[in-house]
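Below is one structure, written out as structure tokens; comments come after it.
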């Protein structure tokens with residue numbers, strides 16, 4: 499028996515919009531810790547890890563660890579039927595091949611349930627080791643989204659370099675080249691407008707912009723994004739989900755020519 | 021064109 503009641507149902511809607519273009523089918527895992535997912539894109543270049551901690555739910559009942567295979571496009575279709583202010587409850591019975599999403603309007607005058615078929619998904623769970631990163635950049639998520647979008651109109655790849663000067667995003671394409679440098683900036687009115695660069699060692703890595711742009715679909719989840727870089731490791735692009743957890747995207751670097 | 025690596029080259033099956 500599974501019953502997860504999320505008062506801020508819009509968070510789940512946003513999570514699905516953030517990941518559904520990257521991953522088609524995925525197993526959602528439910529345990530005492532929370533509601534989580536780990537999945538790779540079809541070409542195994544990127545990985546998404548989601549955690550919604552049990553404490554973030556108003557009511558969280560998960561009698562035993564369970565893994566539920568879902569088609570994310572179908573799940574998104576159903577969650578789009580929930581209002582932005584709706585409370586969403588995820589319900590499942592042991593051994594059932596379906597899951598129910600219940601949507602309650604804030605005034606309790608409309609209650610809907612949508613039943614979705616589950617599927618068997620063969621997925622490999624990867625162990626993600628704790629790592630020391632050479633550089634960690636924390637910046638406004640909208641700014642990161644803007645940079646990825648702007649650069650992708652010039653080139654296909656982005657070189658992200660962190661030095662003591664700041665963080666540089668560069669691209670090159672048929673029509674020319676572009677470089678965007680951000681310096682650390684903590685003298686802002688609001689903390690969510692700050693850019694904070696933590697550098698242990700200079701680092702420079704090349705990534706496919708197509709994936710970076712896909713990650714920025716998570717922008718509505720968080721005003722800030724954290725980009726962790728280490729040579730010889732996938733970059734981590736993390737969007738924290740207020741009070742609840744995170745969506746982390748891992749992207750394997752391209753090999754430098 | 022820079023060749024693309026895969027995630028599985030960095031993280032192993034748990």
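Chains as they are written, first to last, in this note's numbering: chain A, 499 to 755; chain B, 21 to 34.
Backbone N, C-alpha and C fix where the C-beta goes; we use that ideal spot for every residue, glycine too.
Margin query: If I follow the unbroken beta strand (DSSP E) through residue 538 of chain A, where does it start and stop?
Written below: Per DSSP, residue 538 of chain A is one residue of the beta strand (DSSP E) stretching across 532 to 538.
Note to self: Quick check: the stretch 741 to 751 of chain A against the stretch 550 to 561 of chain A, are at least 3 beta-carbon pairs closer than 8 Å?
What the structure shows: Remark: three or more beta-carbon pairs, one from each stretch, lie closer than 8 Å, so the stretch 550 to 561 of chain A and the stretch 741 to 751 of chain A are flagged as touching.
Check: Hey, how far is the Cα of residue 531 of chain A from the Cα of residue 559 of chain A?
Finding: So the two alpha carbons sit approximately 11 Å from each other.
Notebook entry, point to check: In or out: residue 674 of chain A buried (at least 16 other Cβ within 10 Å) or exposed?
Noted result: Residue 674 of chain A is exposed by the Cβ-count criterion.
Next item on the list: Go ahead and pull the three-state DSSP assignment for residue 646 of chain A.
Entry: It is helical.
Check: Expressed to the nearest angstrom, what Euclidean distance is found between the alpha-carbon atoms of residue 544 of chain A and residue 732 of chain A?
Finding: Residue 544 of chain A and residue 732 of chain A have their C-alpha atoms some 9 Å from each other.
Item checked: Minimum C-alpha distance to residue 567 of chain A - residue among A:556, A:580, A:528, A:581 -> That would be A:528, whose Cα lies nearest to the Cα of residue 567 of chain A.
Notebook entry, point to check: residue 566 of chain A lies in the alpha helix (DSSP H); which residues open and close that run?
Noted result: Premise fails: residue 566 of chain A lies in the beta strand (DSSP E), 564 to 569, not in any alpha helix (DSSP H).
Check: On the three-pair Cβ rule with 8 Å, is the stretch 651 to 670 of chain A touching the stretch 701 to 714 of chain A?
Finding: Yes, they touch.
Check: So residue 33 of chain B packs on residue 510 of chain A, CB below 8 Å; how close in whole Å?
Finding: About 28 Å separates the beta carbons of residue 33 of chain B and residue 510 of chain A, which is beyond the 8 Å limit, so they are not a contact pair.
Next item on the list: From the DSSP output, in three-state form, read off residue 25 of chain B for me.
Entry: Collapsing the DSSP output to three states places residue 25 of chain B in coil.
Notebook entry, point to check: Who are the near neighbours of residue 585 of chain A in its chain, counting only those whose CB is closer than 6 Å to its CB and skipping five residues on each side?
Noted result: If we look at residue 585 of chain A and ignore the five residues flanking it on each side, its Cβ neighbours are 505, 507, 602.
Item checked: Closest residue to residue 653 of chain A among A:724, A:664, A:672, A:519 (Cα-Cα distance) -> Restricting attention to A:724, A:664, A:672, A:519, the CA atom closest to the CA of residue 653 of chain A is found in A:672.
Next item on the list: Rank A:668, A:663, A:670 by C-alpha distance to the C-alpha of residue 696 of chain A and give the top, closest one.
Entry: Comparing Cα-Cα distances from residue 696 of chain A to each of A:668, A:663, A:670, the minimum goes to A:663.
Note to self: Against chain B, with Cβ distances strictly below 7 Å, would residue 673 of chain A count as a contact?
What the structure shows: Interface flag for residue 673 of chain A against chain B is unset, since no Cβ pair is found closer than 7 Å.
Next item on the list: Pick helix, strand or coil for residue 717 of chain A, following the three-state DSSP scheme.
Entry: Here residue 717 of chain A sits in helix by DSSP.
Notebook entry, point to check: For a contact meaning CB atoms closer than 7 Å, what does residue 753 of chain A contact in chain B?
Noted result: Simply 22, 23, 25.
Item checked: Residues, ordered as in the chain, of the stretch 608 to 628 of chain A that lie near chain B by beta-carbon distance below 7 Å -> Those would be 622, 623, 624, 625, 626, in chain order.
Notebook entry, point to check: Should residue 535 of chain A and residue 577 of chain A be called a contact, given that it needs their Cβ atoms to be closer than 7 Å?
Noted result: No, the Cβ-Cβ distance between residue 535 of chain A and residue 577 of chain A is not below 7 Å.
Check: Based on the DSSP output, what are the partners of residue 737 of chain A in its beta bridges?
Finding: The beta-bridge partner set that DSSP reports for residue 737 of chain A consists of A:745.
Notebook entry, point to check: Just the Cα atoms here: how many angstroms apart are residue 688 of chain A and residue 627 of chain A?
Noted result: Their backbone Cα atoms lie some 33 Å apart in a straight line.
Check: Would you say residue 736 of chain A and residue 724 of chain A are within 7 Å of each other, going by their C-beta atoms?
Finding: Yes, the Cβ-Cβ distance between residue 736 of chain A and residue 724 of chain A is below 7 Å.
Checklist line | Distance CB(residue 729 of chain A)-CB(residue 631 of chain A) smaller than 7 Å | finding: The answer is no: Cβ separation not under 7 Å.
Check: Is the Cβ-Cβ distance between residue 719 of chain A and residue 694 of chain A less than 7 Å?
Finding: Cβ distance not < 7 Å, so residue 719 of chain A and residue 694 of chain A don't count as in contact.
Next item on the list: With a threshold of 16 other CB atoms inside 10 Å of the CB of residue 573 of chain A, please say whether the residue is buried or exposed.
Entry: Flag for residue 573 of chain A reads buried.
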